[in-house]
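Take a look at the structure set out below.
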Amino acid sequence: MSDLLVQVGQTHDVELFEQLFRHFGPRVKAYMAKTGSPGMAEELMQETMVAVWKKAAMYDASKGAASTWIFSIARNLRIDAYRREKHPEFDQNDPALQPVVETAADSRLEGEQSATLIRRALDELPPDQAEVLRLAYYEDNSQSEIATALSLPLGTVKSRMRLAFAKLRAVLGPGELN
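Each residue of the sequence shown is one higher than the one before, starting from 1 at the first, in my numbering.
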């Protein structure tokens, strides 16, 4: 078969190629059927034999048998086809893939109590200090954005936040604001 492949490469004779096709086509198809569907096997066999026709002149009998060369082409085409197939990629941030963390009733109750204490302490702050904290932590604004929104100097916003935190620490204790 190696001589036949060399002749096909030199002459591009269709009749000689038909002989190669009849011999290797079914074998390549059977090889491809082991790794995928019958339809895909047929398609890859066709691609392989077209590549053999186009590249026959590149075949060098001294480097190996014709069957080795043809099956190498088939294997490479199968690898290429596998890469082209769509494989779903998993999103690591998909909530369905995240472990479910059960919160103990004690820690849930503790969190609710802390939230209630903080709300009450915020209600006792002067309105100007409560407003800068609300804008910073509930609406996620930067100090510069707060200064612009309230038409205040940046230093005033920083002072109000510092005073508000000092009052909250005095009411709640240092551990509650973490």
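Quick reminder that beta carbons are idealized off the backbone N, C-alpha and C, glycines included.
Since we're looking at a predicted model, the values are computed, not measured.
Alpha carbon to alpha carbon, how far is residue i from residue j?
i           : j           : result
residue 53  : residue 24  : 12 angstroms
residue 137 : residue 40  : 58 angstroms
residue 44  : residue 56  : 17 angstroms
residue 80  : residue 33  : 16 angstroms
residue 135 : residue 116 : 19 angstroms
residue 112 : residue 147 : 32 angstroms
residue 65  : residue 2   : 6 angstroms
residue 26  : residue 17  : 14 angstroms
residue 38  : residue 82  : 15 angstroms
residue 72  : residue 85  : 20 angstroms
Tell me whether the beta-carbon of residue i lies closer than 8 angstroms to the beta-carbon of residue j.
i           : j           : result
residue 14  : residue 70  : no
residue 6   : residue 61  : yes
residue 140 : residue 160 : no
residue 154 : residue 144 : yes
residue 171 : residue 121 : yes
Could you have a look at residue i and say whether DSSP puts it in helix, strand or coil?
i           : result
residue 85  : coil
residue 9   : helix
residue 152 : coil
residue 15  : helix
residue 2   : helix
residue 36  : coil
residue 76  : helix
residue 145 : helix
For my contact list, residue i and residue j are in at a C-beta cut-off of 8 angstroms; report their separation, rounded to the angstrom.
i           : j           : result
residue 77  : residue 48  : 6 angstroms
residue 125 : residue 164 : 6 angstroms
Task: Every unbroken beta strand (DSSP E) inside the segment 102-134 [3 residues or more] - done: none
TODO: Write down every uninterrupted run of the alpha helix (DSSP H) in the segment 38-74 whose length is 4 residues or greater and which is fully enclosed by it, in chain order.
DONE: 38-55
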